Amino acid sequence: MITRKVMIVEDDPLLSIVEEKLVTKLGYEVVGTASSGEEALCVFADFNPSILLMDIQLSGDLDGIETIRRLRTDHAEIPVIFLSGDDSPTVLNQAKDIEYVDFLLKPVTKSDLLNSLSKAENKINSGSQYAA
38 MITRKVMIVE DDPLLSIVEE KLVTKLGYEV VGTASSGEEA LCVFADFNPS
88 ILLMDIQLSG DLDGIETIRR LRTDHAEIPV IFLSGDDSPT VLNQAKDIEY
138 VDFLLKPVTK SDLLNSLSKA ENKINSGSQY AA
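Just so you know, we're using the working numbering here: the sequence shown kicks off at 38 and counts up by one.
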């Protein structure tokens with residue numbers, strides 16, 4: 038099995054550490070993190086991830102949804118797992134315009150994350166871009 042490279046975009050430093058440890062324990066390699074949409078856009082190509090864990094509500098001018106819109110201009114095939122502390126109809130409605138693998142409510146559990154990463158892995162292996 039090829040180890041998939043995961044990039045985490047999370048503005049809460051403590052949650053970023055927890056998410057990184059979970060991803061690593063599940064057998065994936067965390068190739069980098071970013072704390073804002075702007076930073077993610079700047080470093081994405083350097084990290085070259087296979088899967089992206091993206092917080093929706095980020096510090097800075099770009100939220101996670103807008104960051105994905107901009108990334109998709111150049112990197113359309115990256116599977117995205119959205120993370121959010123807010124599952125209100127407004128957030129879910131905004132996210133539905135972006136194709137993504139899964140939407141997880143924070144705090145994420147190991148089993149939920151494993152399920153989402155497995156979905157992303159299956160999409161990569163099948164050649165399909167997205168699950169949602």
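All C-beta atoms, glycine included, are put in the ideal place defined by N, C-alpha and C.
It should be emphasised that the depicted structure is a prediction, and the values quoted were computed from it without experimental measurement.
(request) Leaving out five residues on either side along the sequence, give the residues of the same chain with a beta carbon under 8 Å from the beta carbon of Leu59. (result) Exclusion of the five residues before and after Leu59 leaves Val145, Lys147, Leu150 as the residues of its chain whose Cβ lies within less than 8 Å of its Cβ.
(message) Alpha carbons only, please: which of Ser163, Asp139, Gly122, Lys133 is nearest the one belonging to Leu154?
(response) Answer by Cα proximity: Asp139.
(request) Can you tell me which of the three DSSP states Leu90 falls into? (result) Secondary structure at Leu90: strand, using DSSP grouped into helix, strand and coil.
(request) Grab the span of the alpha helix (DSSP H) containing Leu51 for me, first residue to last. (result) Looking at the DSSP string, the run of the alpha helix (DSSP H) that includes Leu51 is 50-62.
(message) So the candidates are Leu52, Met44, Val43; which of them puts its Cα closest to the Cα of Gly122?
(response) The option with the nearest alpha carbon to Gly122 is Leu52.
(message) Give the list of continuous beta strand (DSSP E) stretches no shorter than 3 residues that lie fully inside the region 117-162.
(response) Fully enclosed beta strand (DSSP E) runs of 3 or longer: 117-121, 139-142.
(message) Do Ile45 and Leu95 have their beta-carbon atoms positioned less than 7 Å apart in this structure?
(response) Cβ distance not < 7 Å, so Leu95 and Ile45 don't count as in contact.
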